[in-house]
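Using our numbering, you'd call the opening residue of the sequence shown number 1 and step up by one each time.
Ideal placement from N, C-alpha and C gives every residue a C-beta, glycine not left out.
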Amino acid sequence: MTTPSPTDYYGQRAIFNEISDLYDRYRPTYPALLTEKVVANSALQPSGKMLEIGSGTGKGTELFAEKGCAIHCLEPGRNLSNVAREKFRDFPNITYEETTFEAWTLMPETYEVVYAAQSFHWIPAEMGLRKAADALKQDGTLALIWNLSPPGEDEQFQEIQSVYAREAPELATERNSSAKDWSANNRANQIRATGRYTDVLTEQFPWTKRYGSTDYIALLDTHSSHQLLSPEVKKRLHTGIIEVLEKYGGEIEIDYIAVLYLARKA
C-alpha cells in the first residue's frame, strides 16, 4: 500500500463517502486480540481519551466503543460519519468532528491513545505522525491499524489475477505490489524516523474470511481503485472474476493479516 499522491489523497479518499453503506456492510472488521493488544500497551483507563483519525463508518471505533473511554472521531465524509453516528447512537462517550486530521485544530497533550484504522495512509506520513505525537499526552500511545490481504499463491488467485491482467492491468500491478510495499516494515521505520516515538512495535494477526461471489464482488467495489474504473471495464472485470469463482464452488477464502503498529510518545 503506497502513499497516495496529493491529487489522489484529496480525490480518491472522497470516494468512500459516496459508498458509505456499501463500505460499512462489506469491509472487514479486525480481530479482538488486536484491541486487547492496544489496551495492554497503553495507559488507557475507562476515564481516558482516544482520538480516532479517519473514523469512516466506525469499523475502528467499534474496537474500543465498549471500553468506556471517550472517543473523539475525526471524519470529513458526512455520509460516512452519519452511518457511524447511527451505529453508536447509544454511546454518549463517542463524539464526532467533520474534518480531516490535517485541518483539525490541534488539542495538545490531550489523548492517551491516538489511532487510525485503515486510514492513515491517506495522510502525509511525516506531518501526520508529528501531529499525532503533539496530540498525545506524555507516554501516550500511537496505534496504526490495517487489514492487509497478501497475494495468494493458489490457482484460484492466479486465475483471478489473469482476469485483472486482461481487463484492468493497472490493478493487477497494484494487487501484486501492495504486500511488497509493507514487507520492509516501512511504516515502523517512518515512525522511528520522526524522533517523536519510542518502543515501536509491529504485531500481526492472521485471520481468514470466506466470501460468496456476490459478497466478494461487493467487497471489491468498496476499494477506490475499483470505483474509479469505467462502468464497462468494471463490468468485464467483475464478470471474469465471477466466472473464476464459479469454477471453485462460487466462493473464495481471503487470508487477511491485521497489522498493528504501536509506539509510545517519547
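### Message
For a test of the three-state rule: what should DSSP assign to ASP90, helix, strand or coil?
### Response
If DSSP states are grouped into helix, strand and coil, ASP90 belongs with coil.
### Query
Grouping DSSP H, G and I as helix and E and B as strand, with all else coil, what is ALA117?
strand
### Task
Can you give me the Cβ contacts of ALA116 inside the same chain, cut-off strictly under 6 Å, excluding the 5 residues immediately before and after it?
For ALA116, where only same-chain residues beyond five positions count, the Cβ hits under 6 Å are ILE53, GLY54 and LEU144.
#### Entry: Buried versus exposed, by CB contacts within 10 Å (16 or more), ILE19
buried
### Where the beta strand (DSSP E) through THR100 begins and ends
Premise fails: THR100 is in no beta strand (DSSP E) and is neither H nor E.
### Task
For LEU237, I'd like the list of residues in its chain whose CB is within less than 6 Å of its CB, leaving aside the five on either flank, ordered along the chain.
GLU167 and ALA168
### Query
Leaving out the 5 sequence neighbours to the left and right, which residues in its chain are closer than 7 Å to LEU106 when beta-carbon positions are compared?
In the same chain as LEU106, and ignoring 5 residues on each side of it, the C-beta atoms closer than 7 Å to its own belong to LYS131, ASP134 and ALA135, in chain order.
### Query
For THR2, does the count of other Cβ atoms within 10 angstroms reach 16, so buried, or fall short, so exposed?
Because the pLDDT at THR2 is just 41, under 50, the model does not fix this residue reliably, and the value given afterwards should be weighed accordingly. Exposed is the call here.
### Query
Hey, out of ALA70, PHE64, ALA40 and GLU112, whose CA is closest to LEU201's CA?
Comparing Cα positions, the closest option is ALA40.
#### Entry: Contiguous beta strand (DSSP E) assignments of at least 3 residues, all confined to the stretch 108-167
111-117 and 136-148
### Message
Is it buried or exposed, LEU262, if we count other Cβ atoms within 10 angstroms and call 16 or more buried?
### Response
buried
### Task
Can you give me the Cβ contacts of ASN79 inside the same chain, cut-off strictly under 6 Å, excluding the 5 residues immediately before and after it?
ASN17 and SER20
### Query
Nearest to ILE257 by alpha carbon, out of ALA266, LYS209 and PHE157?
Measuring from the Cα of ILE257, the nearest candidate turns out to be LYS209.
#### Entry: Cβ pair count under 8 Å reaching 3, the stretch 158-166 against the stretch 222-241
yes
### Query
Excluding sequence positions up to five away, which residues of its chain have a Cβ less than 8 Å from the Cβ of ARG196?
LEU129, ARG130, ALA133, LYS265 and ALA266
### Task
Please list the segments of the beta strand (DSSP E) lying wholly inside the stretch 38-65, counting only runs of 3 or more residues, in order along the chain.
49-53
### Query
So GLY68 is in the beta strand (DSSP E); what residue range does that whole segment cover?
Per DSSP, GLY68 belongs to no beta strand (DSSP E) and is neither H nor E.
### Query
Residues in its own chain within less than 8 Å of GLU174 by CB, not counting five upstream and five downstream?
SER225
### Query
How should MET127 be labelled, buried or exposed, when 16 other C-beta atoms within 10 angstroms of its C-beta is the threshold for buried?
Exposed, because fewer than 16 other Cβ atoms sit within 10 Å of the Cβ of MET127.
### Query
Taking C-beta to C-beta, are TYR111 and LYS87 nearer than 8 Å?
no
### Query
Where does ALA263 fall in DSSP's three states?
strand
### Message
Would THR35 and LEU74 qualify as a contact pair, given that the criterion is a beta-carbon distance under 8 Å?
### Response
Going by C-beta atoms, THR35 is not nearer than 8 Å to LEU74.
### Task
Using 7 Å as the cut-off, classify the Cβ of TRP104 as near or not near the heavy atoms of the ligand ADP, replying yes or no.
By its list of ligands, the structure shown contains no ligand whatsoever, and the ligand ADP lies outside what it can speak to.
### Message
Does the structure place the stretch 213-228 close enough to the stretch 145-157 that three or more beta carbon pairs sit under 8 Å?
### Response
no
#### Entry: Pick from TYR23, PHE205 and LEU228 that is closest to GLU170, judged by C-alpha positions
LEU228
### Message
Are the CB atoms of PRO76 and GLU98 within a distance shorter than 8 Å?
### Response
Yes, Cβ-Cβ distance for GLU98 and PRO76 is below 8 Å.
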